[in-house]
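1 is the number of the first residue of the sequence shown in full-length UniProt numbering; add one for each residue after it.
Don't be surprised by glycine CBs; every beta carbon is placed ideally from N, CA and C.
As the structure is a computational prediction, the values presented were derived from the model and not from experiment.
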Amino acid sequence: KIINHSCPDTIDERTINKKNLTLYKKHENLTLALSSAQAIGCNIINIDAHDLTKGSPHLVLGLLWQIIRIGLFNQITLENCPGLASLLQQGERIEDLLKLSPEAILLRWVNHHLENAGIVRRCNNFQSDITDSEIYSHLIRQIAPSTAGVTLEALMEPNHMTRAEIMLQQAAKLGCRTFVTPSDVVNGIYKLNLAFVANMFNNYPGLDKPDSNIEGLGTLEETREEKTYRNWMNSMGVSPHVNWLYSDLADGLVIFQLYDIIKPGTVKWPKVHKKFSKLRKFMEKLENCNYAVELGKQMNFSLVGIAGQDINDGNATLTLALIWQLMRSYTLSLLSSLAGTPGSTVVEKEILQWVNSKLQAAGKSSSIKSFQDYAIADARPLLDLIDAIKPGTVNYDLVKTTSTEE
1 KIINHSCPDT
11 IDERTINKKN
21 LTLYKKHENL
31 TLALSSAQAI
41 GCNIINIDAH
51 DLTKGSPHLV
61 LGLLWQIIRI
71 GLFNQITLEN
81 CPGLASLLQQ
91 GERIEDLLKL
101 SPEAILLRWV
111 NHHLENAGIV
121 RRCNNFQSDI
131 TDSEIYSHLI
141 RQIAPSTAGV
151 TLEALMEPNH
161 MTRAEIMLQQ
171 AAKLGCRTFV
181 TPSDVVNGIY
191 KLNLAFVANM
201 FNNYPGLDKP
211 DSNIEGLGTL
221 EETREEKTYR
231 NWMNSMGVSP
241 HVNWLYSDLA
251 DGLVIFQLYD
261 IIKPGTVKWP
271 KVHKKFSKLR
281 KFMEKLENCN
291 YAVELGKQMN
301 FSLVGIAGQD
311 INDGNATLTL
321 ALIWQLMRSY
331 TLSLLSSLAG
341 TPGSTVVEKE
351 ILQWVNSKLQ
361 AAGKSSSIKS
371 FQDYAIADAR
381 PLLDLIDAIK
391 PGTVNYDLVK
401 TTSTEE
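Structure (structure tokens):
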């Protein structure tokens with residue numbers, strides 16, 4: 001339910017075991033939750049259903065924070081809030097906004113409202129800068145509707161703990177008293193304060209509709225394909241977190257991490273520039289990208305016409321071509337490992353043969369000729385395959401048989 005709250009419709013609730021919960025059914029629910037968390041971009045490496053069953057605090061809290069963070073930050077996009085374009089600084093283009101992390105965008109948002117309120121002070125972080133509640137008080141007053149009755153009375157209180165409580169009472173008038181207590185504010189607890197600010201943004205962004213003449217606005221929305229690749233990368237535990245594919249891969253470092261996950265030892269790290277000098281950073285990033293393409297060729301990727309410069313420039317078509325092959329290679333390497341033949345190559349033809357033999361042996365009528373087969377579109381072959389692997393898993397009463405698009 002938390003995952004669906006953060007990313008609606010991720011899990012079809014018909015698949016959740018809700019009655020007569022045996023240990024096995026609970027384990028199925030936890031496995032479903034972990035798989036779904038991975039699908040929305042959570043890093044679940046070293047976490048399995050047994051860890052959640054045992055209630056390992058650091059693992060459970062870490063996973064919950066990732067899910068909550070994704071839910072809070074989902075709205076901080078140009079697609080959901082075109083007014084973000086008003087946060088562009090002089091000389092910046094819309095692409096520059098996409099390169100920023102959600103945290104950096106929230107800082108700009110806070111400072112934008114402080115400036116509009118005529119406040120000289122600026123917020124540089126969500127830890128030490130917010131402990132006196134001054135920035136929060138001005139922010140809440142600025143974003144609040146005139147009818148909300150929000151005041152700055154908190155600033156009259158010298159005691160920081162009491163001041164934080166009064167400030168939160170003002171936030172409550174907006175329905176935004178969530179995530180933090182006065183103690184969390186005074187002690188500058190980063191994650192909780194970040195969540196507090198993100199929630200206020202989601203409810204009261206207070207940003208004017210952007211000028212339609214802004215170049216690139218409306219053409220840079222993240223596609224479903226891009227989001228899938230980005231979530232996959234983040235679920236692999238890459239660092240830094242990938243927010244926008246084309247800018248965040250431009251130095252090659254995330255790509256190198258993926259190579260090493262797919263086939264440990266592939267990357268010769270002494271050849272990689274991990275930190276960039278001021279004078280040579282453009283050349284160093286390009287050298288990284290050239291090496292990334294070279295490694296792809298060593299792994300037999302089809303990279304005809306793709307050069308390091310294309311990755312460095314953020315060429316969408318060519319970058320996606322490389323990422324798709326990375327994801328495909330990871331999936332095939334995982335299958336090889338599960339088959340007990342690590343190092344050998346599982347080819348798509350073998351997978352198709354296995355699928356169709358399973359379906360036939362189980363007496364299913366469905367089959368597929370390729371991974372582009374239109375028969376896959378209604379998911380029936382996938383459901384039949386699941387039921388063939390574990391008979392009785394699929395409740396066919398819930399499977400739609402009509403020819404509608406749904």
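- Residue 187 places its beta carbon 7 Å or farther from that of residue 41.
- Excluding residues up to 5 positions away in sequence, nothing lies with its Cβ nearer than 7 Å to the Cβ of residue 158 in the same chain.
- Between residue 194 and residue 103 a beta carbon distance of about 6 Å is seen, short of the 8 Å cut, so the two are scored as contacting.
- Distance from the CA of residue 273 to the CA of residue 74, rounded to the nearest whole angstrom, comes to 32 Å.
- In this structure residue 36 touches residue 11 by the C-beta definition: roughly 5 Å separates them, less than 8 Å.
- Under the three-state reduction of DSSP output, residue 280 falls in the coil class, being neither helix nor strand.
- The three-state secondary structure of residue 397, taken from DSSP, is helix.
- Here the alpha carbons of residue 259 and residue 84 stand approximately 35 Å from one another.
- Taken in chain order, the unbroken stretches of alpha helix (DSSP H) that lie wholly in the region 255-328 and span 4 residues or more are 281-298, 308-313.
- The residue among 165, 221, 67 with its C-alpha nearest the C-alpha of residue 5 is 67.
- Here the alpha carbons of residue 167 and residue 233 stand approximately 39 Å from one another.
- Close CB contacts of residue 152 within its chain, under the 8 Å cut and outside five residues either way in sequence, are with 137, 138, 141 (chain order).
- A Cβ-Cβ distance of about 7 Å is found for the pair residue 295 and residue 267, placing them in contact under the 8 Å criterion.
- Take the alpha-carbon of residue 51 and the one of residue 238: they are about 22 Å apart.
- Membership of residue 79 in any alpha helix (DSSP H) is not indicated, and neither H nor E is assigned to it by DSSP.
- In the three-state reduction of the DSSP assignment, residue 241 falls in the coil class, being assigned neither a helical nor a strand state.
- In this model, residue 17 and residue 31 are separated by some 12 Å (Cα to Cα).
- For residue 201, same chain residues with a beta-carbon under 7 Å away, outside a window of 5 residues either side, are 76, 106, 109 in chain order.
- Judged by beta-carbon spacing, residue 388 lies within the 7 Å limit of residue 362, meaning their Cβ atoms are closer than that value.
- The Cβ atoms of residue 288 and residue 251 sit closer than 7 Å to each other.
- Of all alpha-carbon atoms in 88, 183, 261, 290, the one lying nearest the alpha-carbon of residue 112 is that of 88.
- Residue state for residue 163 is assigned as helix, using DSSP reduced to three classes.
- Of 91, 293, 144, the smallest CA-CA separation from residue 117 is found for 144.
- Secondary structure at residue 221: coil, using DSSP grouped into helix, strand and coil.
- In the displayed model, residue 371 falls within coil according to three-state DSSP, outside both helix and strand.
- Using a 10 angstroms sphere on the CB of residue 224, the tally of other CB atoms stays under 16, which defines it as exposed.
- In this structure, DSSP gives residue 236 a state outside helix and strand, which the three-state scheme calls coil.
- For residue 355, the secondary structure class from DSSP, reduced to helix, strand or coil, is helix.
- Residue state for residue 150 is assigned as coil, using DSSP reduced to three classes.
- Contact annotation: residue 356 and residue 365 have beta-carbon atoms that are not nearer than 7 Å.
- Rounded to the nearest angstrom, the gap between the Cα atoms of residue 64 and residue 44 is 11 Å.
- If you ignore the 5 residues before and after residue 128, its C-beta comes within less than 8 Å of the C-beta of 188, all in its own chain and listed in chain order.
- Nearest C-alpha to residue 269 among 377, 333, 256: 256.
- The C-beta of residue 121 has fewer than 16 other C-beta atoms within 10 Å across all chains shown, which makes the residue exposed.
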